[in-house]
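Chemist: Protein chains in written order, with the working numbering: chain V, -7 to 108; chain Y, 1038 to 1151. Backbone N, C-alpha and C define an ideal beta-carbon position, used for all residues, glycine too. Bear in mind the structure is a predicted one, so any value in this text is a computation, not a measurement. Dumping the structure here so I can ask a few things about it.
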């Protein structure tokens, strides 16, 4: 099946710094990628949708200036958490759609972000 | 808005059958999916129903009734490795502004005991 990777798998940073998380589709081209945030024992909350070559669409309540998303190619999307604060600590997961097959999304393994 | 309701936790013994119900209220509907997630891991796709009826994939089956806005995931011959969280998710209708976003339920923690 399709494989999606994320890097890094975990990161610890100081408050006020920026952190970049990469999401790659390894064996397919992903026209659309999604970024989710998940708190412990909670559901996945969609943050934004990105299409290759266009601006991301953010869900209501998600600060686009804080969570910068770039979908530079058909195999790479990045999420940058700018000026991170402890409340940004969470599990960030990306997923990707392969072409027009909307029946399932392929999820990355997630990135655990801890802001001190 | 949209909402999906599923039980928070289910406990069962190995070999048993578990049914996880999901009811949804959505402005658009393009199918009900189920995902499994082990602690600290990525969600993995289990099944997808766009039409009414039962879909069977090995020990797991999923059912949908669009008229009742209801579906369920059936786990048969439970194994210890099935202990995980299970999420139902509804896909938005595809429009020029939507690429079929998934809205997830809160998840059901399935605990399998010996």
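Could you check which residue in V:76, V:86, V:100 has the C-alpha nearest to that of residue 9 (chain V)?
Modeler: As a working note, residue 9 (chain V) is residue 17 in the first chain. Nearest option by C-alpha distance: V:76.
Chemist: May I ask you to report which of helix, strand or coil DSSP gives residue 1092 (chain Y)?
Modeler: Position 55 of the second chain, counting from 1, holds the residue named residue 1092 (chain Y). Correct three-state label for residue 1092 (chain Y): strand.
Chemist: Cβ closer than 7 Å: which chain V residues qualify as neighbours of residue 1144 (chain Y)?
Modeler: Residue numbering aside, residue 1144 (chain Y) sits at position 107 when the second chain is read from its first letter. Here the neighbours are 35.
Chemist: Is the beta carbon of residue 66 (chain V) less than 8 Å from the beta carbon of residue 23 (chain V)?
Modeler: One-based indexing of the first chain puts residue 66 (chain V) at position 74. One-based indexing of the first chain puts residue 23 (chain V) at position 31. Contact: yes.
Chemist: Touch check for the segment 1041 to 1051 of chain Y and the segment 5 to 19 of chain V: three-plus C-beta pairs under 8 Å?
Modeler: No, the segment 1041 to 1051 of chain Y is not in contact with the segment 5 to 19 of chain V.
Chemist: Below 8 Å, how does it come out for the segment 1093 to 1100 of chain Y and the segment 1069 to 1084 of chain Y: are there three or more Cβ pairs, yes or no?
Modeler: yes
Chemist: Express the C-alpha separation of residue 1144 (chain Y) and residue 1087 (chain Y) in angstroms, rounding to a whole number.
Modeler: As a first step, residue 1087 (chain Y) must be located in the second chain, where it is residue number 50. As a first step, residue 1144 (chain Y) must be located in the second chain, where it is residue number 107. If I take the Cα positions, the gap works out to 20 Å.
Chemist: Need the endpoints of the beta strand (DSSP E) that residue 88 (chain V) sits in, please.
Modeler: For the purposes of this step, residue 88 (chain V) is taken as residue 96 along the first chain, with counting starting at 1. Residues 82 to 90.
Chemist: From the DSSP secondary-structure annotation, give me the bridge partner or partners of residue 1054 (chain Y).
Modeler: Within the second chain, residue 1054 (chain Y) is the residue found at index 17, counting from 1. Note: residue 1054 (chain Y) sits in no beta bridge, so no partner.
Chemist: For residue 2 (chain V), is the classification buried or exposed, using 16 other Cβ atoms within 10 angstroms of its Cβ as the cut-off for buried?
Modeler: Locating residue 2 (chain V) in the first chain gives position 10, where the first residue counts as 1. Answer is exposed; the Cβ neighbour count stays below 16.
Chemist: By DSSP, does residue 44 (chain V) sit in helix, in strand, or in coil?
Modeler: Indexing the first chain from 1 puts residue 44 (chain V) at position 52. In this structure, residue 44 (chain V) counts as coil in the three-state DSSP scheme.
Chemist: Leaving aside the five residues before and after residue 1126 (chain Y) along the sequence, list all residues of the same chain whose C-beta is less than 8 Å from its C-beta, in chain order.
Modeler: The residue given as residue 1126 (chain Y) occupies position 89 in the second chain. So the list reads 1041, 1069, 1070, 1071, 1072, 1139, 1140, 1141, 1142, once near-sequence residues are dropped.
Chemist: What did DSSP end up calling residue 96 (chain V) once you bin it into helix, strand or coil?
Modeler: In the first chain, the residue the question calls residue 96 (chain V) occupies position 104. In the structure shown, residue 96 (chain V) sits in coil (DSSP, three-state: anything other than H, G, I, E or B).
Chemist: Please report how far the alpha carbon of residue 1148 (chain Y) lies from the alpha carbon of residue 1108 (chain Y), in whole angstroms.
Modeler: Here residue 1148 (chain Y) refers to the residue found at position 111 when the second chain is read from its first residue. Here residue 1108 (chain Y) refers to the residue found at position 71 when the second chain is read from its first residue. C-alpha separation (whole angstroms): 21 Å.
Chemist: Given a cut-off of 8 Å on the beta-carbon distance, is the pair residue 1129 (chain Y) and residue 1085 (chain Y) in contact?
Modeler: Against the second chain, residue 1129 (chain Y) aligns to sequence position 92. Against the second chain, residue 1085 (chain Y) aligns to sequence position 48. No, the pair does not count as a contact, with Cβ atoms beyond the cut-off.
Chemist: Quick one: measure Cβ to Cβ for residue 30 (chain V) and residue 103 (chain V), integer angstroms, because I've assumed they're closer than 8 Å.
Modeler: Here residue 30 (chain V) refers to the residue found at position 38 when the first chain is read from its first residue. Here residue 103 (chain V) refers to the residue found at position 111 when the first chain is read from its first residue. No, residue 30 (chain V) and residue 103 (chain V) are not in contact; Cβ-Cβ is about 11 Å, not under 8 Å.
Chemist: Pull the bridge partners of residue 1085 (chain Y) from the DSSP assignment, please.
Modeler: Here residue 1085 (chain Y) is taken as the residue at index 48 of the second chain, counted from 1. DSSP lists Y:1070 as partners of residue 1085 (chain Y).
Chemist: Using the Cβ count rule (16 or more neighbours within 10 Å means buried), how would you classify residue 122 (chain V)?
Modeler: Outside the displayed range of chain V (-7 to 108) lies residue 122 (chain V), so it cannot be described from this structure.
Chemist: Of all Cβ atoms in chain V, is any one closer than 8 Å to the Cβ of residue 1121 (chain Y)?
Modeler: As a position in the second chain, residue 1121 (chain Y) is number 84, starting the count at 1. No, residue 1121 (chain Y) does not count as interfacial toward chain V.
Chemist: Where does residue 79 (chain V) sit, in a helix, a strand or coil, going by DSSP?
Modeler: As a first step, residue 79 (chain V) is located in the first chain; it is residue number 87 there, counting from the start. It is helical.
Chemist: Using a Cβ cut-off of 8 Å (strictly closer), state whether residue 1070 (chain Y) contacts chain V.
Modeler: Indexing the second chain from 1 puts residue 1070 (chain Y) at position 33. Yes, residue 1070 (chain Y) counts as interfacial toward chain V.
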